[in-house]
Each structure stands twice: as C-alpha cells, then as structure tokens.
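Below is one structure, written out as structure tokens; the observations come after it.
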C-alpha cells in the first residue's frame with residue numbers, strides 16, 4: 003500500500019482505524035482525510051518503503067531523513083532544506099510517538115495537522131524543484147506509520163516500568179529534560195532506532211533546539227554502529243528570538259510575550275560567557291536575574307493581565323556528557339539550556355488571542371544556546 | 003586495516019594491544035598470532051567492513067551473517083553451511099561480548115581459540131568452494147572487533163544498573179535463562195543490534211540450541227523494523243545427542259556422561275507429548291523423573307566417581323511469549339527447555355580426562371526441544 007490513491011486509501015484507512023486502539027491514534031487518523039499528495043508518496047507501512055529505498059540505493063541516490071511528529075513549522079522546513087543540499091532524496095516521517103510522552107504529558111493534546119503538513123511539504127518540494135541547484139534534492143517519501151506498524155507486538159508503553167522493546171542511553175537520558183521526563187529519551191531513542199531501520203538513511207537531520215536529543219542521537223548512532231551521519235541544524239527562531247516549536251500554537255499573545263523570557267535569559271548568560279566569565283555562578287546568575295525579574299513583574303499584575311511560569315531548570319553543561327559544569331573550559335565551550343513551564347492563564351480578557359486551547363493548555367518551553375569554544 | 007598482511011598485522015596488533023583494557027581482551031588478542039587467513043578478509047573495525055558491504059550491495063550480492071563468540075564447533079559450521087545455501091557472501095563475527103556475562107559468570111574463562119577458529123573457517127570455505135553448487139556462497143569477511151570498537155564511548159557494563167547504551171526486550175528477557183542471568187539478554191540484544199548495524203545482512207543465522215535467544219532476536223528484528231530475515235538452524239548434536247556447545251570442552255569424560263541427562267530428560271518429556279500427553283504435570287514429570295533418578299544414582303557414588311549437578315529449570319513454554327504453559331495446545335505446540343549446572347568435580351582420578359580447566363570450571367548446560375504442533 004505504497005501509493006495511496008483515493009479508493010484504496012479509504013479502504014486502508016478504514017482497516018487502520020479498526021485496528022487502532024488509543025484515542026490519540028484515532029485523532030491522528032481522523033485528521034488525515036483530504037490531502038492528496040502528488041509530488042511524493044505516502045507510506046503507511048515498512049515493506050513498500052524499503053522497496054523504494056533499495057531502488058534508490060541501486061541507483062546510487064542518497065537519502066536524507068527528517069523525523070518529525072508533524073505540526074510542521076519553519077524549523078522542520080529548515081531541516082528539510084538542509085537535507086536537500088546534501089541528498090538526492092528526502093524522507094520525512096510524521097508520527098506522534100506515544101512512548102516519549104509520560105502518562106501525565108500532552109500526548110492527547112499534541113497538535114495533529116496532517117492536511118496542512120502535507121500542504122507545506124508539497125509547497126516546499128515545489129520550491130526545491132524550482133531552485134534546480136546542483137545537489138538540490140526533493141522530498142520523495144513521507145513515512146506516516148500507524149502505531150501498530152511502529153509497535154508491532156506489545157502496545158506502546160510510556161510507563162517507566164512498562165514492557166516492550168526499548169533503547170536506553172544512560173546516563174545521558176536522565177539529565178536535564180530527563181529529570182522532568184523520565185521516559186522521554188527512552189521513547190525518542192527507541193522510535194528513532196525503528197525509523198532509522200525503516201529508512202536506512204545516509205544522513206539524518208535534527209534541530210539544535212532539542213539539544214539533549216541531538217547529544218543522545220549522536221551517542222546512539224556511535225554506540226550502536228549505525229551507518230548514518232547525524233546533522234544538527236541551527237534552531238529556527240521567530241524575529242524576536244523565540245525558538246520555533248509545534249507547541250507554540252498553544253501560547254497565545256500574552257504567554258508568548260512572557261515565554262520569550264527563556265531566550266532572553268539564555269542570551270544574558272551567553273553574553274556573560276562572551277564577556278569573559280567562566281564560572282557557573284556568573285553565567286547562570288545572569289540568566290536567573292532575568293527570569294527572577296520577569297516573574298516578579300508578572301506576579302505584581304492582576305490575573306487577567308499576567309502570565310505566570312515556573313523555571314524547570316537552567317543548565318550549564320558539558321557538550322558531550324551533559325554533566326553540569328562549575329567552570330567552563332573555554333577550549334571546550336558548553337551548552338546553556340533551560341525549560342520554562344508556562345502555567346495556564348488564570349483569567350482571559352475579552353477579545354484576547356489566547357492560542358489553541360484558549361490558554362488552558364500548560365506549555366513547557368525549552369531552548370538552548372551553545373557556548374562556542376573561544377579561539 | 004582491512005586486509006591484515008604480516009607487517010601491517012604486527013603493527014596494528016601492537017596498537018590494538020596497547021589500547022586494550024581488560025584481561026579478557028588481552029587474552030583474546032594474545033591468542034591471535036599465527037593464523038594468516040587467505041580466502042577471506044579479517045576486519046577489526048567498522049568503516050572498512052561497511053565499504054565491502056556497500057560494494058556487495060551495488061553488485062547485487064547477498065550477505066548472510068553468522069554472529070559467534072568464537073570457539074567454533076560443528077554447530078557454528080552448520081549455521082555457515084545454511085547461510086551458504088541462501089547467500090553469495092557470508093560474514094562471520096567473532097567477538098566475546100562482555101555485557102552478556104554477569105559479574106560472576108565465566109567471561110574470563112570463556113574459551114578463546116582464534117587460530118583454530120580461523121583454520122576451521124578456511125577449511126569450511128574450501129569445502130564450500132569445492133561444492134560449487136549454484137547458490138553456494140562462501141565466507142567473505144570475518145569481523146573480529148575490539149571492545150573499544152563495539153563499545154566506543156562508555157566501557158561495557160554487565161552490571162544490571164550499569165550505564166551505557168542498551169537494547170532491552172521485556173518481558174521475554176526475564177524468563178527462563180533470564181531468571182538466572184539477569185543481564186544476559188540485554189547484552190545479547192545490544193551486541194546483536196550493533197553487529198547487525200555493522201554488517202547490514204540480508205539474513206542472520208542463529209542456532210535452535212539457544213531457543214530463548216532465537217525468540218528474542220526475532221522479536222528484536224520485528225519490533226525495531228530491522229531489514230533482515232532471521233533463520234533458525236537445528237541444534238547440532240554429538241552422536242549420543244548432547245547439544246554442541248563451546249563450553250563442552252570444560253566437561254571432561256565424567257561430567258560429559260552425566261551432562262547428557264539434560265537431553266535424556268527433554269527427550270522423555272517430548273515422548274510424553276508425542277504419546278498424547280498435554281498437561282504440564284505429565285510432560286515435565288517425565289523429565290523430572292529422569293533428572294531425579296540420575297541425581298540419586300550420582301549421590302550414591304564416591305566423590306572420585308560421581309558428578310553432581312543442579313537442575314536450574316525445566317520449562318514448558320509458549321513458543322512466542324515464553325510464558326509457562328499449564329497445558330499444551332496441540333495446534334500451537336510448545337518449547338521444552340532446561341538448564342543444568344554441572345558442579346566442579348570433587349575429586350579427580352589419576353589419568354582421568356577432566357576437560358579444560360581440570361574439572362574445576364562449573365559448566366552450565368542448556369538444551370531444548372520444540373514440541374511441534376500436531377496435525
């Protein structure tokens with residue numbers, strides 16, 4: 003069932019629907035009715051994708067792979083553009099992976115926007131086709147598997163003691179994001195191993211924004227002798243600096259403005275490093291003074307004016323081990339990263355744009371900056 | 003360093019030796035001085051192996067992969083013969099994987115016999131070349147990596163709470179052998195994932211003797227969408243029925259004779275099933291009566307005459323889940339398996355062949371028989 007054409011599509015979708023177990027999967031499938039991609043094939047299962055891959059291999063073509071959970075934004079597109087520079091063919095996966103969401107996390111509310119995703123990819127493919135530059139590849143395949151394809155034997159568990167087949171990368175997985183989200187990187191590593199095996203790409207593309215993910219994927223590729231190259235692409239940002247994220251649609255105007263604090267705090271810390279500071283106290287102190295100040299300001303406002311948040315962590319870590327640093331070795335640099343939990347709005351104002359979910363969805367923002375080694 | 007020719011070999015061996023950390027690795031490397039393979043290449047690292055693999059792929063050749071820990075016997079050779087029937091090229095790995103040995107297990111005493119292994123493979127390659135039958139492949143590559151190649155970042159840990167990059171397959175890994183050997187299948191799955199990634203074989207070959215390993219590898223390939231086929235080859239047995247194993251060299255005459263009890267007990271249970279019995283009590287009772295009887299006989303003998311053992315488990319399990327069965331569904335069949343711990347000899351007799359290690363090495367024997375579905 004490689005090329006989904008109308009009649010076959012409806013039937014196969016019906017069959018998929020019947021075999022789907024969770025509400026989240028139903029939501030995914032239900033949001034896939036209209037789009038009829040023309041410039042690439044959509045694959046819902048592995049064997050036909052593998053067939054295409056083998057054909058490309060025999061023709062000495064190269065595959066760049068961009069794994070996504072859909073809800074595509076400019077950050078994803080920048081990964082694809084980078085992949086197009088280095089490969090003849092680009093595979094994009096769209097799959098909201100349940101095993102990386104903790105039991106109390108936002109799996110069910112994670113944005114699912116199949117039609118607009120396909121539209122964006124079609125448009126990007128046209129752009130890539132027009133560019134016609136030598137070495138400008140195009141998207142050949144979208145891999146949009148069901149959970150039964152990705153987890154063929156046991157149902158996907160995001161319980162820390164859950165049963166199943168998993169990849170674990172310790173101690174990296176338990177640091178930073180892993181502190182708040184104990185199953186997250188087990189889920190990410192597991193699904194990426196599966197996706198890499200299904201697509202056997204020459205190169206894989208990840209965004210710098212999820213810095214711990216980039217470190218863990220690089221470690222996984224190295225430790226498991228995976229025959230692919232890992233490319234990290236700079237974080238795509240809005241004009242004011244906010245890192246693009248699929249979750250930003252839930253922010254709304256008020257929380258978006260206050261959420262920018264994460265970037266400002268990291269910038270202040272980066273400035274401290276660039277002005278010669280190397281101690282944890284000096285560098286993270288600069289970030290903390292920003293978050294403390296903004297939080298004090300917000301608290302002084304009324305519930306209909308303010309946006310409260312909690313600093314989950316602000317970290318200064320070694321770029322390879324992610325161990326916290328007391329001092330930055332200027333020949334090695336470091337990773338500045340942070341997570342803010344944006345609380346739901348307490349009170350909406352009439353006519354205010356409170357974002358998808360009307361300001362009620364808590365949003366966890368993450369961001370990071372790399373402290374480059376000093377020459 | 004793909005083709006090891008004399009001068010380069012010595013130098014590269016020296017470099018390897020200098021970078022080796024554990025006593026066990028030193029033992030491995032030290033036992034690799036003389037053999038000069040001619041009909042296949044020996045690879046100690048991944049990039050050059052990967053280059054050969056890509057070349058074979060472009061030439062539409064197929065690769066069958068046989069992972070081993072060396073100490074090759076007829077069982078391994080039967081896997082290679084089977085691979086030769088289905089592939090143009092056979093890759094054999096020889097690597098004693100530390101992460102599958104528990105801290106109190108026999109990693110340091112595991113037999114390392116590089117020269118005789120290479121000799122056996124050379125001889126088998128000649129035989130395969132002579133057979134000249136269409137579709138008779140030959141061994142093209144031996145992959146004999148160092149531990150630094152297989153575990154490039156953190157040192158290989160066989161501690162259950164140890165840090166590193168691992169594949170876990172639960173609950174299958176905790177059953178049967180996993181009950182006595184909690185890190186075993188994590189180590190097996192992890193090293194096989196690495197080896198599969200390094201060799202990207204069309205087909206992989208495992209012996210039926212390690213039945214739980216076959217179930218776990220099949221599950222791993224299915225769950226992680228690995229693009230290879232898993233072939234299971236019947237257990238190679240001595241004339242009297244003892245399953246071949248690299249560890250049998252430690253038995254010596256006396257323990258070898260008594261060790262055959264494992265096969266006799268499983269045979270008695272199989273006979274019970276074939277005569278129409280389906281209950282656990284009837285089938286395993288037949289096995290237990292054999293082990294009980296032999297143990298009673300041995301206990302009645304003097305320390306210089308007897309060989310004591312302990313039944314670790316005798317199991318009747320579902321062939322897919324390895325869950326213990328109370329009743330065999332004759333349309334599904336089942337897996338009969340057992341493990342015996344052969345104790346060290348208490349007292350040697352003058353002139354007695356007590357095996358490698360002089361009867362002092364405890365030997366754990368495992369074996370299994372598949373109860374086929376009845377038509």
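Protein chains in written order, with the numbering used here: chain A, 3 to 377; chain B, 3 to 377. Note that the Cβ used here is the ideal one computed from N, Cα and C, for glycine as well.
Beta-carbon neighbours of residue i, restricted to chain A and to distances below 9 Å
{"i": "residue 222 of chain B", "result": "167"}
Any chain B beta carbon closer than 9 Å to residue i
{"i": "residue 228 of chain A", "result": "yes"}
{"i": "residue 27 of chain A", "result": "Low local confidence applies: a pLDDT of 35 at residue 27 of chain A is under 50, so the model's placement there is unreliable, with the coordinate-based value given in what follows. With 9 Å as the cut-off, residue 27 of chain A does not count as an interface residue toward chain B."}
{"i": "residue 48 of chain A", "result": "yes"}
{"i": "residue 253 of chain A", "result": "no"}
{"i": "residue 368 of chain A", "result": "no"}
{"i": "residue 197 of chain A", "result": "yes"}
{"i": "residue 209 of chain A", "result": "no"}
{"i": "residue 282 of chain A", "result": "no"}
{"i": "residue 200 of chain A", "result": "yes"}
{"i": "residue 155 of chain A", "result": "yes"}
{"i": "residue 324 of chain A", "result": "no"}
{"i": "residue 4 of chain A", "result": "At residue 4 of chain A, the pLDDT of 38 sits below 50, so the modelled position is not reliable; the number obtained from the coordinates is stated separately. For residue 4 of chain A, the answer is no, since every Cβ of chain B falls outside 9 Å of its Cβ."}
{"i": "residue 359 of chain A", "result": "no"}
Test item: CB-CB of residue i and residue j under 9 Å
{"i": "residue 203 of chain A", "j": "residue 45 of chain A", "result": "no"}
{"i": "residue 310 of chain A", "j": "residue 348 of chain A", "result": "yes"}
{"i": "residue 345 of chain A", "j": "residue 178 of chain A", "result": "no"}
{"i": "residue 357 of chain B", "j": "residue 254 of chain B", "result": "yes"}
{"i": "residue 138 of chain B", "j": "residue 104 of chain B", "result": "no"}
{"i": "residue 289 of chain B", "j": "residue 268 of chain B", "result": "yes"}
{"i": "residue 378 of chain A", "j": "residue 80 of chain A", "result": "Outside the modelled stretch of chain A, which goes from 3 to 377, sits residue 378 of chain A, for which no answer is possible."}
{"i": "residue 326 of chain A", "j": "residue 317 of chain A", "result": "yes"}
{"i": "residue 368 of chain B", "j": "residue 270 of chain B", "result": "no"}
{"i": "residue 64 of chain B", "j": "residue 88 of chain B", "result": "yes"}
{"i": "residue 381 of chain A", "j": "residue 171 of chain A", "result": "Absent from the structure is residue 381 of chain A, since the part of chain A shown begins at 3 and ends at 377."}
{"i": "residue 167 of chain B", "j": "residue 157 of chain B", "result": "no"}
Interface partners of residue i on chain B, CB under 9 Å
{"i": "residue 171 of chain A", "result": "166, 167, 168"}
First and last residue of the uninterrupted beta strand (DSSP E) at residue i
{"i": "residue 112 of chain A", "result": "Careful: residue 112 of chain A lies outside any beta strand (DSSP E) and carries neither H nor E."}
{"i": "residue 282 of chain A", "result": "Not the beta strand (DSSP E): residue 282 of chain A falls in the alpha helix (DSSP H), residues 282-301."}
{"i": "residue 145 of chain B", "result": "140-145"}
{"i": "residue 43 of chain A", "result": "43-45"}
{"i": "residue 367 of chain A", "result": "365-373"}
{"i": "residue 55 of chain A", "result": "From DSSP, residue 55 of chain A is part of no beta strand (DSSP E) but of the alpha helix (DSSP H) over 48-60."}
{"i": "residue 266 of chain A", "result": "From DSSP, residue 266 of chain A is part of no beta strand (DSSP E) but of the alpha helix (DSSP H) over 263-276."}
{"i": "residue 319 of chain B", "result": "311-319"}
{"i": "residue 182 of chain A", "result": "No beta strand (DSSP E) holds residue 182 of chain A; the alpha helix (DSSP H) holding it covers 179-182."}
{"i": "residue 347 of chain A", "result": "Per DSSP, residue 347 of chain A belongs to no beta strand (DSSP E) and is neither H nor E."}
{"i": "residue 77 of chain A", "result": "That residue, residue 77 of chain A, is in no beta strand (DSSP E); its alpha helix (DSSP H) goes 76-88."}
{"i": "residue 171 of chain A", "result": "166-172"}
{"i": "residue 252 of chain A", "result": "Looking at the DSSP string, residue 252 of chain A is not in any beta strand (DSSP E), and its letter there is neither H nor E."}
{"i": "residue 105 of chain B", "result": "First-last for residue 105 of chain B: undefined, no H or E at that position."}
Contacts of residue i in chain B (Cβ-Cβ under 7 Å)
{"i": "residue 71 of chain A", "result": "Those do not exist, as residue 71 of chain A stays about 18 Å from chain B at its closest Cβ, beyond 7 Å."}
{"i": "residue 52 of chain A", "result": "229"}
{"i": "residue 204 of chain A", "result": "None at all; the shortest Cβ gap to chain B is about 11 Å."}
CB contact below 9 Å: residue i versus chain A
{"i": "residue 97 of chain B", "result": "no"}
{"i": "residue 32 of chain B", "result": "Because residue 32 of chain B sits at a pLDDT of 39, beneath the cut-off of 50, its placement in the model cannot be relied upon, and the point is left open."}
{"i": "residue 62 of chain B", "result": "yes"}
{"i": "residue 225 of chain B", "result": "yes"}
{"i": "residue 58 of chain B", "result": "no"}
{"i": "residue 246 of chain B", "result": "no"}
{"i": "residue 344 of chain B", "result": "no"}
{"i": "residue 23 of chain B", "result": "Low confidence applies to residue 23 of chain B: its pLDDT is 31, below 50, so where it sits in the model is not reliable enough to give any reading."}
Unbroken alpha helix (DSSP H) run spanning residue i, endpoints
{"i": "residue 195 of chain B", "result": "186-201"}
{"i": "residue 218 of chain B", "result": "213-225"}
{"i": "residue 151 of chain A", "result": "149-152"}
{"i": "residue 233 of chain B", "result": "Unbroken run through residue 233 of chain B is the beta strand (DSSP E), 231-235; no alpha helix (DSSP H)."}
{"i": "residue 95 of chain B", "result": "It is not in any alpha helix (DSSP H) - residue 95 of chain B instead sits in the beta strand (DSSP E) that spans 91-96."}
9 Å Cβ cutoff, residue i in contact with chain D
{"i": "residue 184 of chain A", "result": "The structure shown has no chain D; the protein chains it does contain are A and B."}
Subject >> Meets three-Cβ-pair contact criterion under 8 Å: the region 69-81 of chain A and the region 90-102 of chain A >> reply: yes
Original post:
Taking three-plus beta-carbon pairs below 8 Å as touching, is the region 270-282 of chain A in contact with the region 298-313 of chain A?
Top reply: no
Original post:
Quick check: the region 45-64 of chain B against the region 186-195 of chain B, are there 3 or more CB pairs under 8 Å?
Top reply: no
Original post:
Quick check: the region 206-213 of chain A against the region 117-125 of chain A, are there 3 or more CB pairs under 8 Å?
Top reply: no
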